[in-house]
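Some notes on the structure that comes next.
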Ligand code: NAD
Ligand code: UDP
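Numbering (the numbering used here), first residue to last: 647 to 973.
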């Protein structure tokens with residue numbers, strides 16, 4: 647089951663809908679006939695991400711902040727909560743704001759789900775596992791997070807949001823599902839996003855040296871955006887609530903040095919690497935165990951890293967002329 651089947655028209659709120667993942671999700675939901683309300687504060691999202699959707703008769707933009715939810719007068723069937731900056735430089739730029747977006751924003755949307763009898767899918771993160779000492783990461787691993795470090799505003803914010811979600815579920819207040827999303831990349835990442843895939847591509851296209859933090863031996867597992875969106879929709883579509891978080895990510899695991907090598911091969915001309923210290927609490931290894939998603943949703947990623955990188959490079963080469971890179 648892909649979760650993308652056309653069903654009866656639904657009204658769906660996508661909080662964070664003008665962001666990287668959110669804009670692809672809005673597009674997919676419109677494609678299956680839903681009415682989509684996109685709520686976004688434009689903290690990291692961009693109008694251009696949803697420009698092609700704004701004239702769609704079933705698309706509505708609500709500019710607002712999940713921390714002080716604007717009045718939403720429509721009856722909602724489903725809510726996706728993607729509202730939160732996801733890139734370390736962006737979520738650390740306003741750490742208190744990030745924590746409050748995670749906690750208060752999620753609480754407000756859970757209340758909205760309860761009031762509407764709507765299903766809610768919460769975008770959680772592999773960061774709830776911290777710098778994991780269990781590998782690969784299964785959902786029953788409780789994690790290894792530094793609760794006082796610079797990543798804590800995001801990691802602990804998302805953990806608190808999960809706790810709220812499962813309390814709402816246990817109390818019978820909201821039909822909520824939690825997706826733990828692993829590193830996802832693709833078209834519409836900002837040129838100044840600061841995460842590894844966009845940084846490397848933007849640097850290589852500009853003929854600049856590629857920035858490697860640490861020695862490049864740390865690993866990540868990279869999921870292409872269309873696969874991730876299919877997983878989120880599949881989780882929402884499940885009739886039976888899994889009552890447990892579900893990992894969504896591509897289990898292919900690569901070192902950052904291997905990723906830089908792949909980008910260099912796709913964009914020949916500049917292969918110089920510059921090294922700088924690994925940021926505090928940067929996870930050393932990360933790979934999802936996705937057997938739960940496979941069993942429950944029949945979901946697994948279809949786009950391999952080489953293919954996804956090629957599509958992302960093409961998109962950046964054609965369209966990205968964004969502001970200065972965060973490195
Ligand atoms: P993004 O920064 O592109 O998108 C986040 C969106 O939320 C932006 O449009 C931003 O303007 C909006 N937003 C932020 N704070 C808000 C607030 N207080 N009120 C309303 N809108 C607000 O990031 P993304 O990569 O698209 O991530 C989307 C979600 O998925 C986030 O919740 C993130 O934590 C989660 N996630 C993403 C990844 C990934 O690799 N992309 C991995 C794990 C989890
Ligand atoms: N990273 C890097 N160079 C960059 C950006 C990131 O070497 O220009 C590293 C970063 O330290 C981390 C990995 O790449 O080890 C993935 O970083 P990203 O910010 O994309 O995601 P996250 O750390 O949140 O998984």
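Yeah, the Cβ is synthetic: ideal placement off N, Cα and C, and Gly gets one too.
Note that the structure is a prediction, hence the values are computed from the model and not measured.
- request: State yes or no: is the C-beta of residue 834 within less than 8 Å of the C-beta of residue 666?
  value: yes
**Asked** Excluding the five sequence neighbours on either side, which residues of its own chain have a C-beta within less than 6 Å of the C-beta of residue 903, listed in chain order?
**Response** 862
ask   = Over what stretch of residues does the beta strand (DSSP E) that includes residue 708 continue unbroken?
value = First-last of the beta strand (DSSP E) with residue 708: 705-709.
Just to check, is the beta-carbon of residue 728 closer than 7 Å to a non-hydrogen atom of the ligand NAD? yes
Whole angstroms are fine: how far does the CA of residue 880 sit from the CA of residue 648?
For residue 648, the predicted model reports a pLDDT of 48, less than 50, meaning its position is unreliable; a value from the coordinates is still stated below. Their backbone Cα atoms lie some 6 Å apart in a straight line.
To which residues does DSSP link residue 701 through a beta bridge? Its beta-bridge partners do not exist; DSSP assigns none.
Between residue 705 and the ligand GTP, is there a pair consisting of the residue's CB and a ligand heavy atom that are separated by less than 7 Å? Looking at this structure, you won't find the ligand GTP anywhere; what it does contain is the ligand NAD and the ligand UDP.
Please name the residue, chosen from 752, 722, 830 and 916, that lies closest to residue 874 on a Cα-to-Cα basis.
830
| request: Measure the alpha-carbon distance for residue 724 versus residue 812 and round it to whole angstroms. | output: 17 Å
Check your understanding: Helix, strand or coil: how does DSSP classify residue 857 here?
Key -> strand
Quiz prompt | Endpoints, alpha helix (DSSP H) assigned at residue 674 | solution = 666-677
Item checked: Buried versus exposed call for residue 711 [16 or more other C-beta atoms within 10 Å across all chains shown] -> buried
| query | Exposed or buried, which one is residue 893 when buried takes at least 16 other CB atoms within 10 Å? | reply | buried
Cα-Cα separation between residue 658 and residue 791, rounded to whole angstroms: Rounded to the nearest angstrom, the two C-alpha atoms are 33 Å apart.
* Could you name each continuous beta strand (DSSP E) segment of 3 residues or more that falls completely within the stretch 792-862, going from the start of the chain to the end? => Counting only unbroken stretches of 3 or more residues, the beta strand (DSSP E) elements lying wholly within the stretch 792-862 are 821-827 and 856-859, in sequence order.
request  = Could you tell me if residue 952 is buried or exposed, where buried requires 16 or more neighbouring beta carbons within 10 angstroms of its beta carbon?
outcome  = exposed
Less than 7 Å separating the Cβ of residue 860 from some heavy atom of the ligand UDP? yes
Relative to the C-alpha of residue 838, which residue among 775, 734 and 756 is closest? 734
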